[in-house]
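Below you'll find the structure, written out as structure tokens, and then a few comments.
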Amino acid sequence: MNLYGRPLNLDVTLCCGQVFRWEKRGEWWFGVVGDRILKVRRVDEVLEFQNVEDDFVSHYFSLDHDLQRIGSEIGKDGYIREALREFWGLRLIRQEPWECLISFICATYKSVSAIRQMLLKLSIRFGEKKIFEGHDFYAFPTPEKLARATLKDLESCGLGYRSKYVHATSKSIHSDEYDLEALRKMSYEQAKKALCQFPGVGPKVADCVSLFSLDKLDAFPVDVRVKRIVLRHYSEHFTGVFVQKLASEQLFSNSDYEKISGFGRTYFGKYAGYAQEYLYHYERMKN
DNA sequence: TACTGGCCTAGGTA
DNA sequence: ATACCTAGGCCAG
Numbered sequence: 234m235n236l237y238g239r240p241l242n243l244d245v246t247l248c249c250g251q252v253f254r255w256e257k258r259g260e261w262w263f264g265v266v267g268d269r270i271l272k273v274r275r276v277d278e279v280l281e282f283q284n285v286e287d288d289f290v291s292h293y294f295s296l297d298h299d300l301q302r303i304g305s306e307i308g309k310d311g312y313i314r315e316a317l318r319e320f321w322g323l324r325l326i327r328q329e330p331w332e333c334l335i336s337f338i339c340a341t342y343k344s345v346s347a348i349r350q351m352l353l354k355l356s357i358r359f360g361e362k363k364i365f366e367g368h369d370f371y372a373f374p375t376p377e378k379l380a381r382a383t384l385k386d387l388e389s390c391g392l393g394y395r396s397k398y399v400h401a402t403s404k405s406i407h408s409d410e411y412d413l414e415a416l417r418k419m420s421y422e423q424a425k426k427a428l429c430q431f432p433g434v435g436p437k438v439a440d441c442v443s444l445f446s447l448d449k450l451d452a453f454p455v456d457v458r459v460k461r462i463v464l465r466h467y468s469e470h471f472t473g474v475f476v477q478k479l480a481s482e483q484l485f486s487n488s489d490y491e492k493i494s495g496f497g498r499t500y501f502g503k504y505a506g507y508a509q510e511y512l513y514h515y516e517r518m519k520n
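So, in structure tokens, the structure goes:
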């Protein structure tokens, strides 16, 4: 499929911490999306892949997002313009809400590499095995599978205290036949509120799920890294008292969260989520 | 409403 | 090696 000038940086897009189950072997990226195994690479202006039709790929990689326009919309200052230039072609992926929800419940208080390990173990243990080109792949476990798992089983995947949240949320979704896709039709605020009903889902996890799987491009997830970015580069948008408070405390409260997230949303506008991803990744790569 | 501990564990670092 | 630190937070009190 020809990209026709649509920027897409596969390496950055698949490594920036929005998805956790892609793997690079040689020039090719391998991933499991739903029950399909994708094999993707980019050669000049052509995106090559197998097993799947063009529409699926362009939907998954959000090739319908007008990155030029998004870039000019969020490029409000020198710092983010640096991030945009450095990692141009980073795109938000349209994940499946279910996998995204469980992934970010697991992600609390964990590094990206540890999250990858947890989700891999979970998939090996509870997901459907598929063999492709001689390698084993695993679909992400269904809600039913995780709902039927015991806490001990989940703990054995290294989930720790997250086990009970994953279990309870899976049970709730499975027994209610809850339709996560329906959240796409809601506003950001409504979707976030609905997501926060699930055990283990607070504002941060809800924002990630909204942004990465529900097309809420204005969601602005805030974690310790984003907090540091704000302190270093955007502190003039807050009161001195607030900045002092953020600088002195390692953890921050719910209202602090909404204050920072709200700033991101109003300052960067309707594509604030893209701004967050570029800033987050830029900061992460500088360490 | 706002704040405080506690929480499981595995990578990463000194 | 071995200890220590921190990691894309959430929840109950």
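The numbering used here puts the first sequence at residues 234 to 520.
Virtual Cβ for every residue (Gly too), placed ideally from N, Cα, C.
Item checked: Cβ-based burial, residue 368 [other Cβ within 10 Å; buried from 16] -> Exposed: under 16 other Cβ atoms inside 10 Å.
Next item on the list: Would you kindly work out how many angstroms separate the C-alpha atoms of residue 496 and residue 511, rounded to a whole number?
Entry: If I take the Cα positions, the gap works out to 16 Å.
Checklist line | residue 270 vs residue 365 beta-carbon contact at 7 Å | finding: For residue 270 and residue 365, yes; Cβs fall inside 7 Å.
Note to self: Going by the DSSP bridge assignment, what does residue 235 pair with across the sheet?
What the structure shows: Per DSSP, the beta-bridge partners of residue 235 are 279.
Margin query: Classify residue 443: buried if its beta carbon has 16 or more other beta carbons within 10 angstroms, exposed otherwise.
Written below: Counting Cβ neighbours within 10 Å, residue 443 comes out buried, since at least 16 surround it.
Next item on the list: In the DSSP assignment, find the alpha helix (DSSP H) that holds residue 490 and state where it starts and stops.
Entry: Here the alpha helix (DSSP H) through residue 490 covers 487–501.
Margin query: Between which residues of its own chain and residue 291 is the CB-CB distance below 8 Å, once the five residues before and five after are set aside?
Written below: If we look at residue 291 and ignore the five residues flanking it on each side, its Cβ neighbours are 234 and 297.
Notebook entry, point to check: What is the rounded straight-line gap between the Cα of residue 256 and the Cα of residue 472?
Noted result: A straight-line Cα-Cα distance of about 43 Å links residue 256 and residue 472.
Next item on the list: Could you check how far apart the C-beta atoms of residue 515 and residue 450 are, in whole angstroms? I think they sit under 8 Å.
Entry: Between residue 515 and residue 450 a beta carbon distance of about 18 Å is seen, past the 8 Å cut, so the two are scored as non-contacting.
Item checked: Three-state secondary structure assigned by DSSP to residue 304 -> DSSP places residue 304 in helix when its eight states are reduced to three.
Check: Residue range of the alpha helix (DSSP H) that residue 421 falls in?
Finding: From DSSP, the alpha helix (DSSP H) with residue 421 extends over 421–428.
Notebook entry, point to check: Are residue 241 and residue 262 close, meaning C-beta to C-beta below 7 Å?
Noted result: Cβ distance not < 7 Å, so residue 241 and residue 262 don't count as in contact.
Item checked: Separation of residue 356 from residue 176, as counted between CA atoms -> Nothing in the structure corresponds to residue 176, since the chain is present only between 234 and 520.
Next item on the list: Under 6 Å Cβ to Cβ from residue 252, same chain only, skipping five residues before and after it: list those, please.
Entry: Its chain contains 326 as the residues whose beta carbon lies nearer than 6 Å to that of residue 252, once the 5 sequence neighbours on both sides are disregarded; these appear in chain order.
Notebook entry, point to check: DSSP three-state call for residue 478: helix, strand or coil?
Noted result: Reduced to three states, the DSSP call for residue 478 is helix.
Note to self: Buried or exposed for residue 425, going by 16 or more other Cβ atoms inside 10 Å?
What the structure shows: The residue is buried, with at least 16 neighbouring Cβ atoms inside 10 Å.
Checklist line | Three-way DSSP call (helix, strand, coil) for residue 254 in this model | finding: It is coil, neither helix nor strand.
Item checked: residue 304 and residue 317 closer than 7 Å at C-beta -> Result yes, Cβ atoms of residue 304 and residue 317 sit closer than 7 Å.
Notebook entry, point to check: Where residue 494 and residue 455 are concerned, what is the direct C-alpha to C-alpha distance, given to the nearest angstrom?
Noted result: Between residue 494 and residue 455, the C-alpha separation is close to 6 Å.
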